[in-house]
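A.B. asks:
What follows is the structure in structure tokens.
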């Protein structure tokens, strides 16, 4: 297994290089640059700015510089927020996005699995229909609708939580964004769990277990759950990468200083280094979480072997 | 019942988990939570460009001159100044009690250093042009001159002499711009790039920088070394970027924000009903216009440009699209600059129906009818209101035989295209005043201006603008010359002014000293809170 993990990490290097290279050149193909704005700059002033950030160098040289800096762990300066380097922006924003994303993910996995299991055990009965209805609503109502409703109901009407802001990371400031992030994920996990649990409950080994007179609790928790949880594990990899790197909508509506907002803002502002930084971070998260998922597969299902 | 139970459960859970983590400010502190629609890019005066930063820097720094609550010019770091008879040499006397936040005196040498730093190409200052009126400043910025040759000199610690290339009557107004604020030479030389960090930043304004968490808040605390600290009522100003306007309204209602500098204009009528006098809307020095390609057929025909401009129902756009958060505009210079009367389009007072009839006649004369339509493409940058404005114009021009197509791109693409003088018909643009003078609006239509997206080129206009520049020392004569230049521009339809901007703030009734003005300038040092 260790060899497998090592091999996967090694193959991640060329993958990352391809992603970085594509992102670097695609950004430069996009029309407009970091210094195009409503108030046009004179060519001389623009040239001064470009020189300051090395944008007047040939593209291949800029690419080489970027790769060299990246190898040293230097993501470069932010063009649009010159008081910060990209590393500083991530150092401030990433822990916040991770806190929210991890909370939402854990909530989604626990609650979604529970609801999915309840639905499966009550197939075609009221409990099942209720969960299906809630899950359908949860996965179809967009975040930009859920978030203002949470603000309005919990924040403004009942005054239980702040409308927005990070508040130095106070728990109460996280309630709204975590709920908003978690709700659609809960719905997805519940649906996945319901389907896989129904399938698992119909399998031969569960029938055998029941025939042997094991209790319902034992059948479900000890035997059915292990098989049913595999699709959830598959889902968790990409979901974790997406949730932990922030959500632009949730962070914007709740005024959360995470990194999710950089993904869109940096691209729109042609803040090349910040865009590249976000691409690298997402790529690393995706690679790592997919690897974790594959390892988890082997842990959960003894039939899966990677050596 | 269910609602009550749910409420009680959520309340109990959140309170229990949050215990001990809630932030409670000191009771003695007066805290002003100031909402802004966008995050600042920088607090280095030489690296900023937006109005959001201008508001913060106005609290942190003091230029030679500043603006009061009504945006009128008042002494800043300089307590007085004299101007030579020929209008080219300004001698500023700095306050003797002017201190940096570290307690060291603000000297003339700091200004010399700051002005040279702004023009140094290595600084990469977007607003270096703000000091171009100073002798040799432009040369330094364009690498044709040396910093020592710039017309800025410290006569002694408290006397600064600035020599201009030519009389520039709006020079003092220009000095209210954040790009011209001083920076501490000692601090930058000691700390290098880190001079800007909270805790390091040495400033000479009413406040100093305590914290900055990007996209969350910037905390400014009262500067006890400020020469007028005794009259500053607010202890802490938290600048809180809240990009989502609807969230900002809820935060205001919940008391999380004391003011916010933007409003969801589509809800303006409802907001006025709900918040009453706390909604502040009024004229702001900014013009929303369409650039029109004056050097390309058929748009090189002023008659055609005039017909198009005349046919646009600005009242409808201001009222229905912008919910009266903008005002109909018929001149490039918006009203509100003392001593200046903007030159309005001649049809400004005509009823809209008569304008459309007149426009139709012109178009027919030029051979454009619904059967043989004029093709026109409107380019605009992404925004719901820009789109709605363009769609409204598309509908308004259709009956006149103008076949309008729309092209939307993101802001960077849009302005990159215009900057490169790309091939287009009509394009959305805007200009917000950097300082209170008509020149800021008229300069963009000059032949040599990088912002002259219309490629407007009129010898009469250039002559009138030159004449105004030459009339430097005679303000009344200069204003007349500028108005004459604008008359030429408006009659030629070198640009199509559509709307004047308005400020739209929401301000808590607990705040005092937040006085409405055309520059939407509200220094925190003049504000108090109940």
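Protein chains in written order, with the working numbering: chain C, 67 to 373; chain Z, 20 to 549.
Backbone N, C-alpha and C fix where the C-beta goes; we use that ideal spot for every residue, glycine too.
(1) Below 7 Å on C-beta distance, what does residue 432 of chain Z contact in chain C?
(2) Ends of the beta strand (DSSP E) at residue 77 of chain Z?
(3) Please identify the residue among C:264, C:295, C:114 and C:318 whose C-alpha is closest to the C-alpha of residue 243 of chain C.
(4) Please check if any C-beta of chain C sits within less than 7 Å of the C-beta of residue 217 of chain Z.
(5) Relative to the C-alpha of residue 296 of chain C, which candidate in C:278, C:340, C:358 and C:348 has its C-alpha closest?
(6) Quick check for students: name the residue ranges of the alpha helix (DSSP H) that lie wholly in the region 112-197 of chain C, counting only runs of 4 or more.
(7) Alpha carbons only, please: which of C:351, C:346 and C:324 is nearest the one belonging to residue 162 of chain C?
(8) Just to confirm my understanding: we take residue 521 of chain Z, look at its own chain, exclude 5 residues before and 5 after, and list those with CB closer than 7 Å. What are they?
(9) Between Z:273, Z:196, Z:357 and Z:489, which has its C-alpha nearest residue 72 of chain Z's C-alpha?
(10) With 7 Å as the threshold, decide whether the Cβ of residue 41 of chain Z is near any Cβ in chain C.
(11) Could you give the DSSP three-state label for residue 140 of chain Z: helix, strand or coil?
(12) In this structure, how does DSSP classify residue 256 of chain Z when only helix, strand and coil are distinguished?
(13) Along the region 122-141 of chain Z, where does the CB come closer than 8 Å to a CB of chain C? Name the residues.
(14) In chain Z, what lies closer than 8 Å to residue 150 of chain C by C-beta?
(15) If the criterion is Cβ atoms closer than 7 Å, does the pair residue 554 of chain Z and residue 179 of chain Z meet it?
(16) For a minimum of 4 consecutive residues, which ranges assigned as the alpha helix (DSSP H) are wholly contained in the region 428-510 of chain Z?
(17) Quick one, are the C-beta atoms of residue 93 of chain Z and residue 85 of chain Z less than 7 Å apart?
(18) Please classify residue 521 of chain Z: does DSSP put it in a helix, a strand, or coil?
(19) Closer than 8 Å by beta-carbon distance: list the chain C residues that pair up with residue 259 of chain Z, in chain order.
(20) Could you check where the beta strand (DSSP E) with residue 289 of chain C kicks off and where it finishes?
(21) In three-state terms, what does DSSP make of residue 305 of chain Z?
(22) In its own chain, which residues sit with a C-beta less than 6 Å from the C-beta of residue 241 of chain C, not counting the 5 before and 5 after it?
(23) I need the straight-line Cα distance from residue 373 of chain Z to residue 471 of chain Z, nearest angstrom please.
(24) Can you look up residue 50 of chain Z in the DSSP assignment and give me helix, strand or coil?
(25) Can you pull out the residues from the region 339-356 of chain Z whose beta carbon lies closer than 8 Å to at least one beta carbon of chain C?
(26) Along chain Z, which residues have their Cβ under 8 Å away from the Cβ of residue 169 of chain C?
(27) List the residues of chain Z that residue 102 of chain C touches, going by C-beta distances under 7 Å, in chain order.
(28) Measure the Cβ-Cβ separation of residue 256 of chain C and residue 343 of chain C and say whether it is below 7 Å.
(29) To which residues does DSSP link residue 345 of chain Z through a beta bridge?
(30) Rounding to the nearest angstrom, what Cα-Cα distance links residue 481 of chain Z and residue 271 of chain Z in this structure?
(31) Just mark residue 540 of chain Z as buried or exposed, buried being the case when its beta carbon has 16 or more other beta carbons within 10 Å.
(32) Report yes if the C-beta distance between residue 221 of chain Z and residue 116 of chain Z is below 7 Å; otherwise report no.
(33) Helix, strand or coil for residue 399 of chain Z, going by three-state DSSP, please let me know.
(34) Do we get a CB-CB distance below 7 Å when we pair residue 470 of chain Z with the residues of chain C?
(35) Looking only at C-alpha atoms, which of Z:145, Z:507, Z:497 and Z:50 sits nearest to residue 254 of chain Z?
(36) Tell me whether the beta-carbon of residue 253 of chain C lies closer than 7 Å to the beta-carbon of residue 290 of chain C.
C.D. replies: Once the coordinates are examined:
(1) The contacting residues are 97 and 98.
(2) For residue 77 of chain Z, no beta strand (DSSP E) encloses it; the enclosing alpha helix (DSSP H) starts and ends at 70-79.
(3) Of C:264, C:295, C:114 and C:318, the residue nearest in Cα terms is C:318.
(4) By the rule that beta-carbons nearer than 7 Å mark a contact, residue 217 of chain Z does not touch chain C.
(5) In this structure, C:358 is the residue among C:278, C:340, C:358 and C:348 with its C-alpha nearest to the C-alpha of residue 296 of chain C.
(6) Listed in chain order, the complete alpha helix (DSSP H) runs (minimum 4 residues) inside the region 112-197 of chain C are 125-137 and 152-187.
(7) Answer by Cα proximity: C:324.
(8) Same-chain partners within the cutoff: 300, 301, 302, 303, 344, 345 and 346.
(9) Checked all of Z:273, Z:196, Z:357 and Z:489; the closest Cα to residue 72 of chain Z is Z:196.
(10) For residue 41 of chain Z, the pLDDT reaches just 39, beneath the cut-off of 50, and the residue's location in the model is therefore unreliable, although a value from the coordinates is still provided. The beta carbon of residue 41 of chain Z falls within 7 Å of a beta carbon belonging to chain C, placing the residue at that interface.
(11) Here DSSP, grouped into helix, strand and coil, assigns residue 140 of chain Z to helix.
(12) DSSP places residue 256 of chain Z in strand when its eight states are reduced to three.
(13) For the region 122-141 of chain Z, which is checked against every Cβ of chain C, the residues closer than 8 Å are 140 and 141.
(14) The answer, in chain order, is 233.
(15) In the structure as shown, chain Z starts at 20 and stops at 549, and residue 554 of chain Z therefore has no counterpart that could be examined.
(16) Within the region 428-510 of chain Z, the alpha helix (DSSP H) runs of at least 4 residues that lie entirely inside it are, in chain order, 430-438, 458-461 and 478-489.
(17) A contact, by the Cβ cut-off of 7 Å.
(18) Looking at residue 521 of chain Z - three-state DSSP - the assignment turns out to be strand.
(19) Going along chain C in sequence order, the residues near residue 259 of chain Z (Cβ under 8 Å) are 231 and 321.
(20) Here residue 289 of chain C belongs to no beta strand (DSSP E), and DSSP marks it neither H nor E.
(21) Reduced to three states, the DSSP call for residue 305 of chain Z is strand.
(22) Counting only Cβ-Cβ distances below 6 Å, and skipping sequence neighbours, we find 227.
(23) Each residue's alpha carbon lies about 31 Å from the other.
(24) In this structure, residue 50 of chain Z counts as strand in the three-state DSSP scheme.
(25) For the region 339-356 of chain Z, the set of residues with a beta-carbon nearer than 8 Å to any beta-carbon of chain C is empty.
(26) By Cβ distance, chain Z contributes nothing, its closest Cβ being about 12 Å from residue 169 of chain C, past 8 Å.
(27) Within chain Z, the residues near residue 102 of chain C are 431, 434, 435 and 438.
(28) Going by C-beta atoms, residue 256 of chain C is not nearer than 7 Å to residue 343 of chain C.
(29) In the DSSP output, where bridge partners are listed per residue, residue 345 of chain Z has Z:520.
(30) In a straight line, the C-alpha of residue 481 of chain Z is about 48 Å away from that of residue 271 of chain Z.
(31) Buried, since its Cβ has 16 or more Cβ neighbours within 10 Å.
(32) Contact: no.
(33) In the structure shown, the three-state DSSP call for residue 399 of chain Z is strand.
(34) So yes, residue 470 of chain Z belongs to the interface.
(35) Closest option to residue 254 of chain Z, Cα to Cα, is Z:50.
(36) Against a cut-off of 7 Å, the Cβ pair of residue 290 of chain C and residue 253 of chain C comes out as no contact.
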